[in-house]
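Comments concern the structure below.
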Amino acid sequence: MTSAFELTSSELEYLDNFLTQINGGKIPNTEALDGFFAALSCCPDLMKPSEYMPVIQSGKTANDDLEFEDLDEAQRFMTLVTKHWNFVNSELNQNIAYMPLILEDEDGNFGGNDWANGFITGVNLRHDIWSEIINDEENGGSMVPIWALAYEHHPDARMRPFKDPIDDKKRDDLIIAAAAGVIRMHDYFMGHREEYLSDDQTFVRPHRKVGRNELCPCGSGKKDKKCCGAGPTIH
Numbered sequence: 030m031t032s033a034f035e036l037t038s039s040e041l042e043y044l045d046n047f048l049t050q051i052n053g054g055k056i057p058n059t060e061a062l063d064g065f066f067a068a069l070s071c072c073p074d075l076m077k078p079s080e081y082m083p084v085i086q087s088g089k090t091a092n093d094d095l096e097f098e099d100l101d102e103a104q105r106f107m108t109l110v111t112k113h114w115n116f117v118n119s120e121l122n123q124n125i126a127y128m129p130l131i132l133e134d135e136d137g138n139f140g141g142n143d144w145a146n147g148f149i150t151g152v153n154l155r156h157d158i159w160s161e162i163i164n165d166e167e168n169g170g171s172m173v174p175i176w177a178l179a180y181e182h183h184p185d186a187r188m189r190p191f192k193d194p195i196d197d198k199k200r201d202d203l204i205i206a207a208a209a210g211v212i213r214m215h216d217y218f219m220g221h222r223e224e225y226l227s228d229d230q231t232f233v234r235p236h237r238k239v240g241r242n243e244l245c246p247c248g249s250g251k252k253d254k255k256c257c258g259a260g261p262t263i264h
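Positions 30 to 264 (the working numbering) are the ones given, in order, by the sequence shown.
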């Protein structure tokens, strides 16, 4: 059964065309966006669009800025991003068998690396919360296949999990294990969501608010106001 939130192929292509215009962005395509939203959906601390949209739009276009042609284009982009967030969130919340959105590359291969890096980008937004499950002996293994895919081609060879290229069977196994790990981690955090609720049932953060002149917690080295704390730009 197709979800009402599932993006069509043309909608995914539109998002991809926009995201791939951004040089050095943390979310380079819809595959990474899917992983990013999977992490956000698992996390028991609610993340608002005002926090995650700057991450999605991080980077620079060829014109050295993030641009929309007009308000209609900006609105369409926001609508499709929100629609995909709702799709990923509803699949996990309804315990539907979640499968990562893995794009085919120019050689016809399905790597899964961008999805895994998108997931880790989402984890890093609430690393203090995620450290709980990462350090958990019973559930921490759920992150292993995600790390393996994320660091497969890391510039530092010491960070790579494999010395030799992996075959298609091993890659398929990693992607399936990563999907299963997301479901396990989502279920784990679902049992802890009450810890992040105040008396009026709104989410509260377990950490202090980052000042706009402080370094961004994402690790970019930039000030928060110039990184994840910046808003979208419309020209």
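Even for Gly, the Cβ is constructed at its ideal location relative to N, Cα and C.
Identity of the residues DSSP links to residue i by a beta bridge
{"i": "Phe-66", "result": "DSSP output for Phe-66 lists no bridge partner at all."}
{"i": "Asn-115", "result": "For Asn-115, which the question treats as bridged, DSSP gives no partner whatsoever."}
{"i": "Lys-89", "result": "Asn-52"}
Own chain, CB closer than 8 Å to residue i, minus 5 neighbours either side, in chain order
{"i": "Ala-259", "result": "Confidence at Ala-259 is low in this model, with a pLDDT of 49, below 50, so its placement is unreliable and no value can be given for it."}
{"i": "Asp-229", "result": "Because the pLDDT at Asp-229 is just 49, under 50, the model does not fix this residue reliably, and the point stays unresolved."}
{"i": "Gly-169", "result": "Ile-162 and Ile-163"}
{"i": "Lys-238", "result": "Low per-residue confidence applies at Lys-238: pLDDT is 49, beneath 50, and the placement is therefore not dependable, though the value from the model is reported in the following sentence. Here the set comprises nothing."}
Proximity winner among the options, relative to residue i (alpha-carbon distances)
{"i": "Ala-68", "options": "Leu-41, Phe-106, Ile-162 and Glu-102", "result": "Ile-162"}
{"i": "Val-117", "options": "Asn-164, Cys-72 and Glu-102", "result": "Cys-72"}
{"i": "Ser-39", "options": "Tyr-81, Asp-101, Glu-80 and Arg-105", "result": "Arg-105"}
{"i": "Lys-112", "options": "Phe-139, Leu-75, Leu-36 and Phe-218", "result": "Leu-36"}
{"i": "Met-219", "options": "Gln-123, Asp-193, Thr-150 and Asp-101", "result": "Gln-123"}
{"i": "Phe-34", "options": "Asn-115, Gln-50 and Asp-185", "result": "Asn-115"}
{"i": "Gly-140", "options": "Asp-185, Lys-55, Lys-199 and Ser-119", "result": "Lys-199"}
{"i": "Ile-56", "options": "Asn-142, Asp-136, Asp-157 and Asp-196", "result": "Asn-142"}
{"i": "Glu-167", "options": "Gly-137, Ser-119, Tyr-217 and Ile-195", "result": "Tyr-217"}
{"i": "Phe-65", "options": "Asn-46, Leu-154 and Ser-119", "result": "Leu-154"}
Continuous alpha helix (DSSP H) stretch holding residue i: start and end
{"i": "Ala-209", "result": "197 to 219"}
{"i": "Glu-133", "result": "It is not in any alpha helix (DSSP H) - Glu-133 carries neither H nor E in the DSSP assignment."}
{"i": "Phe-34", "result": "Note, Phe-34: premise wrong, no alpha helix (DSSP H); not H, not E."}
{"i": "Glu-161", "result": "156 to 163"}
{"i": "Leu-75", "result": "No alpha helix (DSSP H) holds Leu-75; DSSP gives it neither H nor E."}
{"i": "Asp-99", "result": "Looking at the DSSP string, Asp-99 is not in any alpha helix (DSSP H), and its letter there is neither H nor E."}
{"i": "Pro-174", "result": "173 to 179"}
{"i": "Phe-191", "result": "No alpha helix (DSSP H) contains Phe-191, which DSSP labels as neither H nor E."}
{"i": "Ala-145", "result": "142 to 153"}
Cut-off 6 Å between Cβ atoms - residues of its own chain near residue i, not counting five sequence neighbours on either side
{"i": "Val-152", "result": "Ala-68 and Trp-159"}
{"i": "Pro-235", "result": "With a pLDDT of 41 at Pro-235, under the threshold of 50, the modelled position of that residue is not reliable, and no figure is offered here."}
{"i": "Lys-89", "result": "Asn-52"}
{"i": "Leu-121", "result": "Ser-70, Tyr-127 and His-215"}
{"i": "Ser-171", "result": "Gly-210, Arg-213 and Met-214"}
{"i": "Val-173", "result": "none"}
Beta-carbon contacts of residue i that lie in its chain and below 7 Å, excluding the five residues immediately before and after
{"i": "Tyr-43", "result": "Leu-109"}
{"i": "Leu-41", "result": "Thr-59"}
{"i": "Asp-134", "result": "Gly-140"}
{"i": "Arg-222", "result": "Pro-73"}
Residue i Cβ short of 7 Å to the ligand ATP heavy atom set
{"i": "Asp-134", "result": "Here there are no bound small molecules, and the ligand ATP is not part of this structure."}
Pair every Cβ in the segment 57 to 72 with every Cβ in the segment 137 to 152, then say whether three or more of these pairs are closer than 8 Å.
-> In the pairwise beta carbon analysis, the segment 57 to 72 is classified as touching the segment 137 to 152: at least three pairs are separated by under 8 Å.
Take every Cβ of the segment 161 to 177, pair it with every Cβ of the segment 200 to 211, and state whether three or more of those distances are shorter than 8 Å.
-> yes
State whether the segment 207 to 222 contacts the segment 119 to 130, with contact taken as three or more CB pairs (one from each stretch) at a distance under 8 Å.
-> yes
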